[in-house]
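Heads up: the structure comes next, in structure tokens.
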Amino acid sequence: MTMPKLTRKLIETLEPRAADYSVRDTEVIGLGVRVRPSGTKTFILTYRLGGQLRKLTLGRADEGYSLDEARDRAREKLQDVRGGVDPQVEKVAERNALTVNAMIDHYLTDGPALKPNKKESSWETNRILFDCHVRPLLGRRLARDLTRLDIAKFQLDVAQGKTARNIKTGHRKRSKVTGGKRVAALSVVTLGAAYEFAILTDQLKVNPTKGVERFQTIRRERYLSDREVAAISEALAQFETEEPKHAVMADAVRLLILTGCRKSEILSLKWDSVDWEVGCLRLPESKTGAKTVPLADAAAELLRRRWDESRPPEPSRGHNSGEAPEGLERSPFVLPALKGNGHFVGLPNLWTKVKARADAILRQKASEAGKDPHDVRSMLNVRLHDLRHSFASFAIADGASLFMVGKVLGHKQARTTEIYAHLSDDPLKQVANRAAARLSAAMQF
Numbered sequence: 022m023t024m025p026k027l028t029r030k031l032i033e034t035l036e037p038r039a040a041d042y043s044v045r046d047t048e049v050i051g052l053g054v055r056v057r058p059s060g061t062k063t064f065i066l067t068y069r070l071g072g073q074l075r076k077l078t079l080g081r082a083d084e085g086y087s088l089d090e091a092r093d094r095a096r097e098k099l100q101d102v103r104g105g106v107d108p109q110v111e112k113v114a115e116r117n118a119l120t121v122n123a124m125i126d127h128y129l130t131d132g133p134a135l136k137p138n139k140k141e142s143s144w145e146t147n148r149i150l151f152d153c154h155v156r157p158l159l160g161r162r163l164a165r166d167l168t169r170l171d172i173a174k175f176q177l178d179v180a181q182g183k184t185a186r187n188i189k190t191g192h193r194k195r196s197k198v199t200g201g202k203r204v205a206a207l208s209v210v211t212l213g214a215a216y217e218f219a220i221l222t223d224q225l226k227v228n229p230t231k232g233v234e235r236f237q238t239i240r241r242e243r244y245l246s247d248r249e250v251a252a253i254s255e256a257l258a259q260f261e262t263e264e265p266k267h268a269v270m271a272d273a274v275r276l277l278i279l280t281g282c283r284k285s286e287i288l289s290l291k292w293d294s295v296d297w298e299v300g301c302l303r304l305p306e307s308k309t310g311a312k313t314v315p316l317a318d319a320a321a322e323l324l325r326r327r328w329d330e331s332r333p334p335e336p337s338r339g340h341n342s343g344e345a346p347e348g349l350e351r352s353p354f355v356l357p358a359l360k361g362n363g364h365f366v367g368l369p370n371l372w373t374k375v376k377a378r379a380d381a382i383l384r385q386k387a388s389e390a391g392k393d394p395h396d397v398r399s400m401l402n403v404r405l406h407d408l409r410h411s412f413a414s415f416a417i418a419d420g421a422s423l424f425m426v427g428k429v430l431g432h433k434q435a436r437t438t439e440i441y442a443h444l445s446d447d448p449l450k451q452v453a454n455r456a457a458a459r460l461s462a463a464m465q466f
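Positions 22 to 466 (our numbering) are the ones given, in order, by the sequence shown.
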């Protein structure tokens, strides 16, 4: 009996039976259509390898694959068979191939074992970048299939805001995910770290993020002038007078100004980290690990005042209720929370009000001096981290070397301090101006 040549019309007329049956193609030997009792029709390829008869499912015949596509793929697989490659084994390997999501999960779960010195906060930052940007765009792709072009397009997509959205994070809480060049570049770096881990653990061989040119982001450094620092100080004093509970916030800002520490280092500062005898802070943990921060006299005086003010009240005498009053203890934190047992956390929101008040103070003083208040540089864009930058700028303007400033700030690497290099030109310029002035005078007859 002669088998009919497979055509699209013939495939459409095949009716289901009580059991599976197949209709073979006469054009490509081994290709056929399998019809199940459910009516599902599938292209299959039957081939022999190593003396064994095997079957490979190519895809659905009633949706997706055309007959011509099935024949082309069958010819490709038969060519592999002739070369000794088993298409069935390749299919299983494809099914089990590592996706980007699986690679990320591996990295976040087992990565800390190979990176014991990486901080938990850094792992959390990685997780946020993965969840907000990498997984939505690349998560389902096979990690081995991504190319440099794919990574470059991913970076561009994140920069253009394709992953931006507003997500629910809890009851009546939402978080706004934004893109931008900085986030895009960080996402590429973080994805590259996951690839390096996969290579190190023998799961992959190539890191496609290598060689991809990342966006250059402009660092935002804002340095305060003497007048601006004075305006902030006046604003803090006003807030304390208006609302005594703002004293904790005010002292937090003062300590940031006087120590050059990071916000997290000051807000989480504990009394047992204050070395009164040597005059320093011994921080057990920071962005760069444990570090020692020298205390200026003004900062030490502020801490001493807070120590005295935070002394628990003496238990009252003559208590005759029959019950001993509950003992009060000093908070372990230099800047305790207004409620609860933790440290103060409301600084970012209050800082917005402080810098707005300082901005108004500067403009008022300019107006009183007969100057145009619109010419005053705005304080509204000053970040808390700019107080750390300003500490460095004041130190360098006073003649301190970049090396010494880096030591005070706790920089592990010299290149971190190099962002302040341009500030060191000011003292040099003063020297040049003084020398030039004398030479200019000497040139006069």
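Ideal Cβ positions, reconstructed from N, Cα and C, are used throughout, including at glycine. Computed from a prediction, not measured in an experiment: that's the story for all the values here.
query, result
"For a test of the three-state rule: what should DSSP assign to G53, helix, strand or coil?", "strand"
"Compute the distance between the beta-carbons of L383 and A258, then report whether it is under 8 Å.", "no"
"Would you mind listing the alpha helix (DSSP H) stretches within the region 106-156 that are 4+ residues and don't spill past its ends, in chain order?", "108-116, 121-135 and 141-150"
"What beta strand (DSSP E) runs, 3 residues minimum, are completely inside the region 28-88?", "42-45, 52-56, 62-70 and 73-81"
"Can you tell me which of D89, L170 and R75 puts its alpha carbon nearest to the alpha carbon of I32?", "D89"
"What's the gap between the Cα of G201 and the Cα of Q176?", "9 Å"
"Terminal residues of the continuous alpha helix (DSSP H) containing P369?", "L368 to E389"
"Terminal residues of the continuous alpha helix (DSSP H) containing K202?", "K202 to L221"
"Taking the alpha helix (DSSP H) that L245 belongs to, which residues open and close that run?", "Note, L245: premise wrong, no alpha helix (DSSP H); not H, not E."
"Can you tell me whether F354 is helix, strand or coil according to DSSP?", "strand"
"Count the other CB atoms within 10 Å of the CB of S142; is the residue buried (16 or more) or exposed (fewer)?", "exposed"
"Which same chain residues end up closer than 8 Å to N122 when comparing Cβ atoms and leaving out the 5 residues on each side of it in sequence?", "R156, G160 and R161"
"Starting from T313, follow the beta strand (DSSP E) in both directions and report where the run begins and ends.", "K312 to P315"
"Is the distance from the Cβ of D380 to the Cβ of R243 below 8 Å?", "no"
"Given that a residue counts as buried once 16 or more other Cβ atoms are within 10 Å of its Cβ, and exposed if not, what is T34?", "exposed"
"Using CA coordinates, which residue listed in L150, K360, N187 and G51 is at the minimum distance from E97?", "G51"
"Please go through the same chain and pick out, in chain order, the residues whose beta-carbon is closer than 7 Å to the beta-carbon of V21, but skip the five residues on each side of it.", "The question about residue 21 has no answer, for the chain in this structure spans 22 to 466."
"Determine the contact status of L70 and A95, defining contact as a CB-CB distance below 8 Å.", "no"
"At which residues does the beta strand (DSSP E) containing R283 begin and terminate?", "Counting along the chain, R283 falls outside any beta strand (DSSP E), and DSSP gives it neither H nor E."
"Around the Cβ of M464, are there at least 16 other Cβ atoms within 10 angstroms (buried) or fewer (exposed)?", "exposed"
"Put R303 into one of helix, strand or coil per three-state DSSP.", "strand"
"Residue range of the alpha helix (DSSP H) that K174 falls in?", "R169 to A180"
"Quick one: what's got a C-beta closer than 8 Å to K62's C-beta in the same chain, skipping five residues either side?", "I32, L35, V54, R55, V56, R81, A82 and D83"
"Just to confirm before moving on: does the CB-CB distance between L288 and H364 stay below 8 Å?", "yes"
"Can you give the Cα-Cα distance for P305 and E145, rounded to whole angstroms?", "20 Å"
"For R409, which residues in the same chain have their Cβ closer than 8 Å to its Cβ, ignoring the five residues on either side in sequence?", "L277, G281, C282, R283 and L430"
"W372: buried (16+ other C-beta within 10 angstroms of its C-beta) or exposed?", "buried"
"Who are the Cβ neighbours of L167 in its own chain at under 6 Å, not counting the five residues just before and after it?", "P229"
"Pick helix, strand or coil for M22, following the three-state DSSP scheme.", "Bear in mind that the predicted position of M22 carries a pLDDT of just 46, short of 50, making it too unreliable to give a figure here."
"So, under 8 Å CB-CB, K291 and P353 are touching, yes? Tell me the CB distance rounded to an integer number of Å.", "5 Å"
"Starting from the C-beta of L401, find all residues in its chain whose C-beta is less than 8 Å away, skip the five residues before and the five after it, and write them out in chain order.", "K376, A377 and D380"
"Where does the unbroken alpha helix (DSSP H) through E322 begin, and where does it stop?", "D318 to E330"
"Assign K266 to one of three DSSP states: helix, strand, or coil.", "helix"
"When the Cα atoms are used, what is the spatial distance from G232 to E263?", "56 Å"
"Per the DSSP calculation, N402 is bridged to which residue(s)?", "N402 is not bridged to any residue."
"Out of V355, D126 and E234, which one is the CA nearest neighbour of A173?", "E234"
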